[in-house]
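Counting from 1 along the sequence shown, just add 188 to a position and that's the residue number in my numbering.
All residues carry an ideal CB built from backbone N, CA and C; glycine is no exception.
Predicted model, so just to flag it, every value in this text is computed and none were measured.
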Amino acid sequence: MSADELLFGKANGDQDEDLRLQFEAISRFNDDEKNVVRSVLEGLLLTHEARRWSAGVAAAKENTG
Numbered sequence: 189m190s191a192d193e194l195l196f197g198k199a200n201g202d203q204d205e206d207l208r209l210q211f212e213a214i215s216r217f218n219d220d221e222k223n224v225v226r227s228v229l230e231g232l233l234l235t236h237e238a239r240r241w242s243a244g245v246a247a248a249k250e251n252t253g
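Now the structure itself:
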């Protein structure tokens, strides 16, 4: 399984072209700029997962009572 599949749920060949181009542009950033992008992306991914988890907990509570 690729990192793309883990992060985006898609195989690399199916990845949205705009996103691919953005990551390509980011690859030319200096190390400090790349670290900022990594931090922002990690924050977005954590927020997304927290919302998914929270929705799952809420759904489970509805189903149990």
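Asked: D220 versus T252: straight-line alpha-carbon distance, rounded; Found: 48 angstroms
Asked: Test item: CB-CB of L233 and L195 under 8 angstroms; Found: yes
Asked: Under the three-state DSSP convention, the category F211 falls into; Found: helix
Asked: Alpha carbon of R216 to alpha carbon of R239, nearest angstrom; Found: 32 angstroms
Asked: Candidates A246, V225 and D204: closest to E214 by CA position; Found: Here residue 214 is Ile; the residue named in the question, Glu, does not match the sequence. Ranking the options by Cα distance to I214, first place goes to V225.
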